[in-house]
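Keeping their order, the protein sequence lines are chains A and B.
Residues 0 to 147 (numbering that gives the first Met the number 0) make up the first sequence, in order.
Residues 0 to 100 (numbering that gives the first Met the number 0) make up the second sequence, in order.
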Amino acid sequence: MIPILNQATLLFPSKSSNEAFARTTAACFAAQLDPTLDEIGDIKTAVSEAVTNVIVHAYPTDLGVVTLRLRILEGRLFEVMVRDKGVGIADVHRAREPLYTTGDDSRSGMGFTIMESFMDYLRVRSAPGKGTTVTMRKRIAPRPGAGK
Amino acid sequence: MGIGLVQEGGALTVYLKGDIDHHSARSIMLGLDRELVARSPRRLAVDMGEVSFMDSSGLAVVLRGLRRMEEVGGEIALCRVPDQAKKVFAAAGLDKLISIT
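Written as structure tokens, this is what we have:
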């Protein structure tokens, strides 16, 4: 278990207008590690994908609660967990395949692929009727000349 | 999210602005569809110089534009694409299908 240096948890309804709020909040929390603009962009993109998945797939007919937990772990690790209590994913392996989507043509099916590309670690835990938890981590490189 | 347009003959330039995410993508897509039907361009340029953020919802918007232009034998290109959006396009392999500068 990696020591947790800081943590914040946000709960919000699965409204699409909260997608920007979630990714911006995650970026703000990660700022304490002094990330580069690229690293901030990666975090915002990955969080946007994870939260959008909840809004589109976990709660397809009604609003539900999205839990966004942000952590700074020892070793300059930024961790984000997105959890829902929605419909769950029947086949996680299939869901993670590029271009696979159960959504309409407004969805590209690239959400998990992008999360994997932009973060250093991705874990998806889900079961039908039991919701989904997506956990991602990214190591933020120390700046040259910075202390730690 | 806003859309600006400039048409010169058969060439249409669409200027996108702001965040392109699931929240904004559908209205962008519908707006783009409407303009492509109304203006029937042979060449479509999508200027993304004022796009502040894009996730995979933007891929769906661009793919829709690509399909619409292919249906009429036209061309599409993306220009002034910010680095963050370029990275999303590259992750999806779309940089091999469409001109992205």
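Ideal Cβ positions, reconstructed from N, Cα and C, are used throughout, including at glycine.
- Judged by DSSP in its simplified three-state form, Lys14/A adopts coil rather than helix or strand.
- Taking each of His22/B, Leu31/B, Arg25/B and His21/B in turn and checking the Cα distance to Ile2/B, the smallest one comes out for Leu31/B.
- Closer than 8 Å to the CB of Ala19/A there is at least one CB belonging to chain B.
- By the Cβ rule, the stretch 6-18 of chain B does not count as touching the stretch 118-138 of chain A, because fewer than three pairs are nearer than 8 Å.
- For Gly17/B, the enclosing beta strand (DSSP E) starts and ends at Ala10 to Ile19.
- Counting C-beta atoms within 10 angstroms of its own C-beta, Gln6/A has fewer than 16 neighbours from the protein chains shown and is therefore classed as exposed.
- The Cβ of Val53/A sits no closer than 8 Å to any Cβ of chain B.
- For Leu93/B, the secondary structure class from DSSP, reduced to helix, strand or coil, is helix.
- For the set Glu78/A, Arg124/A and Thr112/A, the Cα lying nearest the Cα of Met135/A is the one of Glu78/A.
- Closer than 8 Å to the CB of Met118/A there is not a single CB belonging to chain B.
- For Val80/B, the closest Cβ of chain A is not nearer than 8 Å.
- With a beta-carbon spacing of about 4 Å, Phe111/A and Arg95/A fall inside the 8 Å limit used to define contacts.
- In the displayed model, Val86/A falls within coil according to three-state DSSP, outside both helix and strand.
- Within the stretch 83-97 of chain B, those residues whose Cβ lies closer than 8 Å to any Cβ of chain A are, in chain order, Gln83, Lys86, Val87, Ala90 and Ala91.
- In the DSSP assignment, Lys137/A forms a beta bridge with Phe77/A.
- Minimum Cα-Cα distance from Ile19/B among the listed residues Ser51/B, Leu43/B, Glu34/B and Ala44/B corresponds to Ser51/B.
- The DSSP-derived three-state label of Val45/B is strand.
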